[in-house]
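Asker: FYI, in full-length UniProt numbering the residues of the sequence shown are 1 to 486.
Even for Gly, the Cβ is constructed at its ideal location relative to N, Cα and C.
None of the values given here were measured: they were computed from a predicted structure.
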Amino acid sequence: MGVIAEFTFQHPNLPLMSTLEESGVRLDLEQAVAEDPERPVLFVWASHGNLDHFEAAACEDDSVDDVTLVEDADERRLYRVQVSERTEKPLYPLDDRMEASRLAVTSTADGVEARLRFPDRESLSAFQPRIETRGIDVTLRGVFSQTDPGLTDQNGLSSKQRTALVTAVELGYYGVPREASLADVADELGVSTQAASERCDAASTRSCGTNWTDSAAAGTACGRRTAGSLYRWLPASGMRVENSFIPAPGVGETTERRLWEHGVTHWDDFDASAPGVGETTAQNVYSFIGDARDALDRGDTQYFADAFPNNALWRLYENVAGDVAFFDIETTGLDKRSSDVTTVSVLHGGDTTTLVRGDDLTAENLADLLDASLVVSFNGKRFDQPFIEHNYDVDVDAPHLDLMYLCRRLDLTGGLKQVEADLGIDRGGMDVDGREAVRLWHRYEDGDEDALDRLVEYNRYDAQNLQTLLDTVAGRLHQEVFEPHA
1 MGVIAEFTFQ
11 HPNLPLMSTL
21 EESGVRLDLE
31 QAVAEDPERP
41 VLFVWASHGN
51 LDHFEAAACE
61 DDSVDDVTLV
71 EDADERRLYR
81 VQVSERTEKP
91 LYPLDDRMEA
101 SRLAVTSTAD
111 GVEARLRFPD
121 RESLSAFQPR
131 IETRGIDVTL
141 RGVFSQTDPG
151 LTDQNGLSSK
161 QRTALVTAVE
171 LGYYGVPREA
181 SLADVADELG
191 VSTQAASERC
201 DAASTRSCGT
211 NWTDSAAAGT
221 ACGRRTAGSL
231 YRWLPASGMR
241 VENSFIPAPG
251 VGETTERRLW
261 EHGVTHWDDF
271 DASAPGVGET
281 TAQNVYSFIG
291 DARDALDRGD
301 TQYFADAFPN
311 NALWRLYENV
321 AGDVAFFDIE
331 TTGLDKRSSD
341 VTTVSVLHGG
351 DTTTLVRGDD
361 LTAENLADLL
371 DASLVVSFNG
381 KRFDQPFIEH
391 NYDVDVDAPH
401 LDLMYLCRRL
411 DLTGGLKQVE
421 ADLGIDRGGM
431 DVDGREAVRL
441 WHRYEDGDED
451 ALDRLVEYNR
461 YDAQNLQTLL
471 DTVAGRLHQE
481 VFEPHA
């Protein structure tokens, strides 16, 4: 289970420390790039204090080689900072090497405060000594599990979700007949209609079956939302590309979160006066939204594969859920040059098709089955797709979402079978693994038709369970990435 830790790092030679002491400015990390581990590049937002004094002092600061103004957004400015190789670096890129994810990093004259997520406590334990060997003072302020109930209320609700649900109940949004519209709830909360919808949906779904002071009101909310088991992990979240701003130049994860927190949770909510967005970035966002709308209209999903970071492509799923091809292959070995593809199963449009070598496994059939808006695999970018393209000269042109990397982001490690077991995804009693799949194929070649039936069944489970896995992962990512800020 992943853990989140909060640190304070102190050392006189941390990046820009003397400049921060002189100017009183605060720096919030937007992005870190460490192509050269000794000279990382930081994109930071400067706010508070005297920004002009900061800029002048930063240019003379020996801890950095270059400071460039990227954007001036009234009360804060975005800078590109080239850190000197002589400077102590408590995070970049050591946190990447130690499998730590940066959730928030702030620098002031008092030091660097960071909230980091680690895959497990062992990684956390190994991290601190590595920092201290550099002579940096490290204070561990707190550690908690990602499922720590202290982060939410007893029902798993954030304060925003609970407020939205209580407000909706009080206004009569869940009444029968309904006494208030979603717009009324949004107006009362002071947020967009989209934000109100997201909060109410998440809150009413999570609250069912729990103890509320006003059980009748809670029952009303739950009854409208869950009768007939209408809710499942379905491209679960409702988060779509229209909720995303991160492809626009100048918008990183920090700026995107800030937009969401101020009610800008949909393209329709954005305007040039959005908080923390300067004129240049605003124009970039408008340009992105225009291009993205055109891409949606013409069904060009490759645009989003090119525009979005790989770890954000899952946001496309909700938009194209009806045209996704989940695919998995079985082979006689691990080398695409010396091994054969034996079966390929594809779940597309609700139907699962299995192609068998020597029968209907042809380039034409593969191209037809994989002709989709999005293809989904588990470790398919490194294994399945190269095998198919090498052995059948078929180009997999659709955007490719590899669930292995998304699962790792949620601390779900191991192969597909291990991840399924960790999530409780049923495999129907199929006790087969990759090695057994190879043996089954060889038995079939020796005349055992039952072995082929078993291999096909195993391969089909692989493809079908990918949809269940993506539904679950998309739901969890929505809760982690979007819900806390919407």
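Considering Cα atoms alone, identify which of Leu-20, Arg-409, Asp-448 and Ala-463 is closest to Leu-477.
Answerer: Check the Cα spacing between Leu-477 and each of Leu-20, Arg-409, Asp-448 and Ala-463: the tightest is with Arg-409.
Asker: With H, G and I counted as helix, E and B as strand and the rest as coil, what does DSSP make of Glu-60?
Answerer: coil
Asker: If you run the structure through DSSP and keep just helix, strand and coil, what is Glu-85?
Answerer: coil
Asker: Please give the ranges of any alpha helix (DSSP H) in the UniProt domain "YprB ribonuclease H-like" (325-473), keeping only runs that are unbroken, at least 4 residues long and fully inside the region.
Answerer: For the alpha helix (DSSP H) assignment, the uninterrupted runs of no fewer than 4 residues enclosed by the UniProt domain "YprB ribonuclease H-like" (325-473) are, from N- to C-terminal side, 363-369, 384-392, 403-409, 416-423 and 434-445.
Asker: In this structure, does DSSP put Glu-55 in helix, strand or coil?
Answerer: helix
Asker: Indicate whether the contact test is met: 3 or more Cβ pairs, each with one atom in the region 450-457 and one in the region 301-314, closer than 8 Å.
Answerer: Verdict: no, contact absent.
Asker: Measuring CB to CB, does Arg-121 end up less than 9 Å from Val-3?
Answerer: yes
Asker: Between Leu-16, Ser-18 and Phe-43, which lies nearest to Gly-252 when the distance is taken from Cα to Cα?
Answerer: Phe-43
Asker: Give me, in chain order, the residues of the same chain whose beta-carbon lies closer than 6 Å to that of Leu-230; leave out the 5 immediate sequence neighbours on both sides.
Answerer: For Leu-230, the pLDDT reaches just 21, beneath the cut-off of 50, and the residue's location in the model is therefore unreliable, leaving the point undetermined.
Asker: Here's the rule I'm using: 16 or more other beta-carbon atoms within 10 Å means buried, otherwise exposed. How should Gln-154 be labelled?
Answerer: Its pLDDT being 38, under 50, Gln-154 is placed unreliably in this model, and the value from its coordinates should be taken loosely. Classification of Gln-154: exposed, given that the 10 Å Cβ count is below 16.
Asker: Short of 8 Å in beta carbon distance, which residues of its chain neighbour Tyr-303, apart from the five on each side in sequence? Order them along the chain.
Answerer: Asp-291, Ala-292 and Ala-295
Asker: Runs of 4 residues minimum, wholly inside the region 252-338: which ones carry the alpha helix (DSSP H) assignment?
Answerer: 253-261, 279-298 and 301-307
Asker: Could you pull the start and end residues of the beta strand (DSSP E) that Phe-7 belongs to?
Answerer: It spans 3-10 - the beta strand (DSSP E) in which Phe-7 sits, taken as one unbroken run.
Asker: Pull up the CB-CB distance for Ala-100 and Ser-123, whole angstroms please, since I reckon it's below 8 Å.
Answerer: Their Cβ separation, rounded to whole angstroms, is 7 Å, which keeps Ala-100 and Ser-123 in contact under 8 Å.
Asker: What residues in its chain sit with their C-beta under 7 Å from that of Ala-305, if we drop five residues either side in the sequence?
Answerer: Leu-313 and Pro-399
Asker: Please work out which residues of its chain come closer than 6 Å, Cβ to Cβ, to Val-33, disregarding the five sequence neighbours upstream and downstream, and give them in chain order.
Answerer: Val-41
Asker: Anyone know if the C-beta pair for Trp-441 and Glu-364 falls short of 9 Å?
Answerer: no
Asker: With DSSP as the reference, label Thr-167 as helix, strand or coil.
Answerer: Helix.
Asker: Are the beta-carbon atoms of Val-112 and Gln-10 separated by less than 9 Å?
Answerer: yes
Asker: Using CA atoms only, rank isn't needed, just tell me which of Thr-139, Ile-136 and Ala-282 is closest to Ala-73.
Answerer: Ala-282
Asker: So which of Arg-257, Asp-397 and Ser-338 has the shortest CA-CA distance to Asp-300?
Answerer: Asp-397
Asker: Going straight from the alpha carbon of Gln-146 to that of Arg-337, what length do you get?
Answerer: In this prediction, Gln-146 scores a pLDDT of 46, lower than 50, which makes its location untrustworthy; the coordinate-derived value is nonetheless stated afterwards. Taking the straight line joining both Cα atoms gives about 43 Å.
Asker: Tell me the rounded alpha-carbon separation between Phe-288 and Arg-435.
Answerer: 47 Å
Asker: Give me, in chain order, the residues of the same chain whose beta-carbon lies closer than 6 Å to that of Met-262; leave out the 5 immediate sequence neighbours on both sides.
Answerer: Checking the displayed sequence, the identity of residue 262 turns out to be His instead of Met. Here the set comprises Pro-275.
Asker: Near Phe-54, what residues of its chain come up, given a Cβ to Cβ distance below 7 Å and the 5 sequence neighbours on each side ignored?
Answerer: Once the five neighbours on either side are set aside, the close Cβ partners of Phe-54 are Thr-19, Ser-23, Val-25 and Ala-46.
Asker: Should Leu-412 and Val-376 be called a contact, given that it needs their Cβ atoms to be closer than 9 Å?
Answerer: no
Asker: When you compare only the Cα positions, how much space is there between Arg-102 and Leu-374?
Answerer: Near 29 Å, if we compare the C-alpha coordinates of Leu-374 and Arg-102.
Asker: By the three-class DSSP mapping on this structure, what secondary structure does Phe-482 have?
Answerer: In the structure shown, Phe-482 sits in a helix (DSSP, three-state: H, G or I).
Asker: According to DSSP, simplified to helix, strand and coil, what is Glu-75?
Answerer: coil
Asker: How should Asn-50 be labelled, buried or exposed, when 16 other C-beta atoms within 10 angstroms of its C-beta is the threshold for buried?
Answerer: exposed
Asker: Note down the Cα distance separating Ala-58 from Ala-183, rounded to an integer number of angstroms.
Answerer: Take the alpha-carbon of Ala-58 and the one of Ala-183: they are about 47 Å apart.
Asker: Excluding the 5 residues flanking Ile-425 on each side, which residues of the same chain have their C-beta closer than 7 Å to its C-beta?
Answerer: Asn-465, Thr-468 and Leu-469
Asker: Work out the CA separation of Lys-381 and Asp-395 for me, nearest whole Å.
Answerer: 13 Å
Asker: Do Ala-114 and Phe-270 have their C-beta atoms closer together than 9 Å?
Answerer: no
Asker: What separation, rounded to the nearest whole angstrom, lies between the Cα atoms of Ala-126 and Asn-459?
Answerer: 39 Å
Asker: Assuming the contact rule is C-beta atoms closer than 8 Å, Val-70 and Gln-82 should be a hit. Round their C-beta distance to whole Å, please.
Answerer: About 13 Å separates the two Cβ atoms, so there is no contact after all.
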